[in-house]
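Residues 7 to 182 in our numbering are what the sequence shown lists, from first letter to last.
Written out below as structure tokens is the structure these notes cover.
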Amino acid sequence: MADLSTELNEFWKWAEKSPAEYAINRGYGEWETEYPNWPLLYKSAENALNNLESQYDSNVADLLIQALAIDNECEKILDAIAKSEIDFFRFTAQVMLSDQSEARWQMAEALGQVNYKDRDAQLAQLILEDDDLYVKRRALLSLAKVNKSRAKEYAKSFVDSTDKTLARICTEIVQN
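Okay, here's the thing in structure tokens:
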């Protein structure tokens with residue numbers, strides 16, 4: 007069985023970065039897709055997700071968050087999480103506290119695909135509290151899919167944002 011910790015260590019060696027360095031400056035482009043051992047990393051992430059479905063472990067979840075962050079182009083891990091039986095509230099709360107913005111925007115995207123009691127509140131928290139503008143935009147787009155009226159309320163606050171993309175998205179949400 008592939009161990010996620012081992013596979014992530016191999017990825018970080020290959021990338022010549024630590025998870026903390028990646029969180030601060032992942033660089034540009036889709037360089038992560040060039041990693042030669044994605045099949046092993048995907049298998050180990052799948053095993054970790056299966057374990058989390060049966061018994062939540064925050065240490066395993068932290069590893070899965072790293073894997074989610076680095077799989078930000080193909081989004082296979084995101085798809086697996088969205089289809090899983092994981093405790094979405096707990097996992098999303100842990101992702102929201104993570105320094106990995108690449109994982110946070112993907113969870114914002116996943117929240118537009120799943121339904122559970124606190125989903126809208128967690129999307130609102132990402133919109134209002136996340137410092138990363140891309141995360142904020144993705145959370146607004148997901149909220150607009152699942153609760154248009156609430157998305158409009160939040161979007162009004164950002165129509166005049168200095169971030170032109172955020173302002174455009176918010177204007178579209180408010181007008182539709």
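We treat Cβ as the ideally placed atom computed from N, Cα and C, and that holds for glycine.
{"query": "Distance CB(Ile179)-CB(Arg143) smaller than 8 angstroms", "result": "no"}
{"query": "Proximity to Lys89 [Cα-Cα], best of Val101, Asn121, Ala67 and Asp105", "result": "Asn121"}
{"query": "Beta-carbon proximity check, Ala173 vs Asp166, cutoff 8 angstroms", "result": "yes"}
{"query": "Simplified DSSP state of Lys154, which is helix, strand or coil", "result": "helix"}
{"query": "Among Leu139, Gln112 and Ala145, nearest to Gln128 - alpha-carbon criterion", "result": "Ala145"}
{"query": "Check whether Asp124 and Phe95 have beta carbons under 8 angstroms apart", "result": "yes"}
{"query": "Reference Leu134, options Val152, Gly118, Gln119 and Ala114, closest by Cα", "result": "Ala114"}
{"query": "At least three beta-carbon pairs within less than 8 angstroms, the segment 18-32 to the segment 53-66", "result": "no"}
{"query": "DSSP three-state assignment for Asn78, whether helix, strand or coil", "result": "coil"}
{"query": "Element boundaries [alpha helix (DSSP H), containing Asp126]", "result": "Arg125 to Glu135"}
{"query": "Exposure label - Glu108; buried when at least 16 CB within 10 Å", "result": "buried"}
{"query": "Element boundaries [alpha helix (DSSP H), containing Phe95]", "result": "Phe94 to Leu103"}
{"query": "Whether Gln106 touches Ala75 by CB criterion (8 angstroms)", "result": "yes"}
{"query": "Selection from Asn53, Val152, Trp111 and Gln181 that minimises the alpha carbon distance to Gln119", "result": "Val152"}
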